[in-house]
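Everything below concerns the one structure shown next.
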Amino acid sequence: MKKIVVLISGSGSNLQAIIDKCNINYINAEVICVISNNLNAFGIERAKSVGIKTIVINHKEFQSRELFDTELYKILLEQNADLIVLAGFMRILTEKITNNFFGKIINIHPSLLPKYPGLNTHEQVLENNDSIHGISIHYVSSELDGGPLIAQGEIKTANENIDILVERIHKLEHELYPEIIKYICDDKIFIDQNRVIFNGLNPSGKFIYKKYEI
Ligand code: GAR
Numbered sequence: 000m001k002k003i004v005v006l007i008s009g010s011g012s013n014l015q016a017i018i019d020k021c022n023i024n025y026i027n028a029e030v031i032c033v034i035s036n037n038l039n040a041f042g043i044e045r046a047k048s049v050g051i052k053t054i055v056i057n058h059k060e061f062q063s064r065e066l067f068d069t070e071l072y073k074i075l076l077e078q079n080a081d082l083i084v085l086a087g088f089m090r091i092l093t094e095k096i097t098n099n100f101f102g103k104i105i106n107i108h109p110s111l112l113p114k115y116p117g118l119n120t121h122e123q124v125l126e127n128n129d130s131i132h133g134i135s136i137h138y139v140s141s142e143l144d145g146g147p148l149i150a151q152g153e154i155k156t157a158n159e160n161i162d163i164l165v166e167r168i169h170k171l172e173h174e175l176y177p178e179i180i181k182y183i184c185d186d187k188i189f190i191d192q193n194r195v196i197f198n199g200l201n202p203s204g205k206f207i208y209k210k211y212e213i
């Protein structure tokens, strides 16, 4: 069984979806540790309540991003995980992490990349009256929200307010992220050189692209 470490900063609803899917053996893996840079992240409570080890590395206690990442790197090495999953982890990682764990770290981002890297993606979709919105799942590289894409999920916008849009995006994340993690844990998706390999999944494009009615 594969070992997963999940990094969070906040509510941890994606973490919860992953834990739930591991518990019913949909994902053939175990979440062995949850790491947060934020002591008050609700995701820490979620992990504790089901007996998963938690580690807080408070970024405010480090003088630089490099020093924070040196500590995070050490702790990640100790976990010896097969897969490191960023699930609402709101820190930019330096090359110490992105290079040394390349191919082992994945991220979920709430936009159809390369549109809207960074923050406030939902606001930008609404401001620009975009007719579609969605999420991206990608391997993490040194480029912010720029690593090789694994999958995207798309929804049609419907003139809704931001709360409803965020809720729909979360629902989509909770479906697609566990599905992709399942494929990675089953060795159906992996990275070779800089290319994502889809072993037996054969997406029609360069990565998996799905349209959702949510
Ligand atoms: C998710 O929507 C995720 O896509 C986003 O943070 C949220 C975390 O929610 N991640 C980013 O914006 C990363 N750039 P959660 O804590 O409830 O899983």
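Following numbering that gives the first Met the number 0, the numbering of the sequence shown begins with 0 at its first residue and continues without gaps. The C-beta atom is built at its ideal place from N, Cα and C for all residues, glycine as well. This structure is a prediction, so every number in the text was calculated from the model and none was measured.
Please list, in chain order, all residues of the same chain as residue 96 whose beta carbon is under 6 Å from its beta carbon, the five residues on each side excluded. 68, 72
Does the distance between the C-beta of residue 96 and the nearest non-hydrogen atom of the ligand GAR fall short of 6 Å? no
Helix, strand or coil, according to DSSP, for residue 165 in the structure here? In this structure, DSSP gives residue 165 a helical state, which the three-state scheme calls helix.
Is it the case that the Cβ atoms of residue 164 and residue 133 are separated by a distance below 7 Å? Against a cut-off of 7 Å, the Cβ pair of residue 133 and residue 164 comes out as no contact.
For residue 64, name the three-state secondary structure that DSSP assigns. helix
DSSP-derived helix/strand/coil call for residue 59: helix
Taking Cβ positions only, does residue 95 come closer than 7 Å to chain D? Given the protein chain composition of this structure (a single chain), no chain D is represented.
Exposure label - residue 151; buried when at least 16 CB within 10 Å: buried
Where residue 194 falls: helix, strand or coil (DSSP): strand
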